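Structure first, commentary second.
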Amino acid sequence: MIFEVKQTTSAGSNNFDIISGSNLLYRANATWFPMGIDKNNKVIMTDPNGNMVFQTKYSLIDNLAESSVPFKYLIEGEQKFSQYQVVDANGNAIGCFYDVRKSFLDSRMCISFGDRIIYGYDRELGYREVVSLYENDVQIGQITRTRKVVDNLDWYIVHIVPQYDSLLPLIAMFTVFYDYCYHNNSGQFVKGTYISKSYTYDYNSKKYNKDFIRNAFGEQEHERLEAFVNRKVEMKVGSLTMKQFWILFAAVWGISLAVVGIILLIVLLKFGS
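Residue 150 in the numbering used here sits at position 150 of the sequence shown, and the numbers go up by one each step.
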């Protein structure tokens, strides 16, 4: 299964469409006000008609229990952070999103449901940001974000191998949750283009397989993803393109110099006479 998570608004609210081809699968909303990680923050996903599918719920008791022992992972082999339950429309907890640290160098994201866990390993490679998804030691999918962002609107393409298609709603929800945790730009009103190039490497960097999309989804899909990551976007300052900005800047600068010149000429004429 291949689907996209596209942010539609980023000022006053964080809204997303989850689409496959031309079909709208879900909509989602994430908290916008900068309140930190606590019970007031949540992600809500609905069907196209507005009926709730999932929402997150901050797990206060679980988080307190985990944080009460500093460096717990050194004693018990792992420690969970930022646990959010995933609750369905009937209020039933069907899973949990959290980060887990297994050692000083080993940290990963987790999607737990039932007795299963999908691990997410994030890495930045130039204009590409990926979360490689694994169950046990088998890669089952990849979340890809382009680091070329216009008007704070993030954009992801998500690939899940066919035998895991049933997890689409949960992974779609996790993608929005990931954006909320790392790219939500809370409280910002921003217009313009932001392009960043970054490279990261850590203990789990080897989990990224550059040939995963090609091998699992074919050469054509691999090339489409490369075009998505390296898409051409025009740099802007607010609503102006860079060319328009510099023309306006030059015009304002020229007018300013002319005004200063006129004032100096008047002063010289006045005192010269």
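For each residue, glycine too, the CB sits at the ideal point set by N, CA and C. None of these values were measured; they are calculated from a predicted model.
Item, Value
"Neighbourhood of Phe-33 by C-beta distance below 6 Å, restricted to the same chain and skipping five residues each side", "none"
"Residues bridged to Asn-14 [DSSP beta-bridge criterion]", "Ala-30"
"Cutoff 7 Å; reference Phe-174; Cβ partners in own chain excluding five residues on either side", "Phe-97 and Ile-111"
"Ile-160 beta carbon less than 8 Å from that of Gly-141", "yes"
"Helix, strand or coil at Arg-147 [DSSP, three-state]", "coil"
"Alpha-carbon spacing of Tyr-164 relative to Ile-2, whole angstroms", "11 Å"
"Spatially closest choice to Val-176 from Gly-21, Asn-49, Met-45 and Ser-20, by CA coordinates", "Met-45"
"Residues sharing a beta bridge with Ser-107, DSSP", "Arg-101"
"Contact between the segment 55 to 68 and the segment 81 to 98 (3+ Cβ pairs under 8 Å)", "yes"
"Secondary structure, beta strand (DSSP E): runs of 3+ residues fully inside the segment 133 to 195", "138 to 146, 148 to 150, 155 to 160 and 193 to 195"
"Cβ contact check for the segment 6 to 24 and the segment 181 to 195: 3 or more pairs under 8 Å", "yes"
"Spatial distance of Gly-114 from Val-233 (CA atoms)", "42 Å"
"Exposed unless 16 or more other CB atoms sit within 10 angstroms - verdict on Val-138", "exposed"
"Beta bridge counterpart(s) of Val-130 as assigned by DSSP", "Arg-123 and Thr-144"
"6 Å CB neighbourhood of Gln-85 in its chain, flanking five on each side removed", "Lys-57, Ser-59, Ala-93 and Cys-96"
"Distance, Ser-132 Cα to Asp-106 Cα", "15 Å"
"Residue burial classification, Glu-4 (beta-carbon count within 10 angstroms, cutoff 16)", "buried"
"Cut-off 7 Å between Cβ atoms - residues of its own chain near His-222, not counting five sequence neighbours on either side", "Ile-213 and Arg-214"
"Reduced DSSP secondary structure (H/G/I, E/B, other) of Asn-215", "helix"
"Lys-57, DSSP secondary structure in three states", "strand"
"Per-residue burial, Val-149 [other beta carbons within 10 Å of its own, 16 or more giving buried]", "buried"
"Local conformation of Arg-231 per DSSP, three classes", "coil"
"Between the CA atoms of Val-229 and Leu-240 - distance to the nearest angstrom", "Low local confidence applies: a pLDDT of 47 at Leu-240 is under 50, so the model's placement there is unreliable, with the coordinate-based value given in what follows. Taking the straight line from one Cα to the other gives about 23 Å."
"Residues near Ser-20 by beta carbon distance below 8 Å, same chain, minus five either side", "Met-1, Ile-2, Phe-3 and Glu-4"
"N-terminal and C-terminal residue of the beta strand (DSSP E) that Phe-71 is part of", "Element bounds for Phe-71: n/a, residue is neither H nor E."
"Contacts around Val-197, its chain only, beta-carbon distance under 8 Å, and the 5 residues preceding and following it disregarded", "In the sequence as presented, Val is not what sits at residue 197; that position holds Lys. Excluding sequence neighbours, Lys-197 sits near Gly-126, Tyr-127 and Arg-147."
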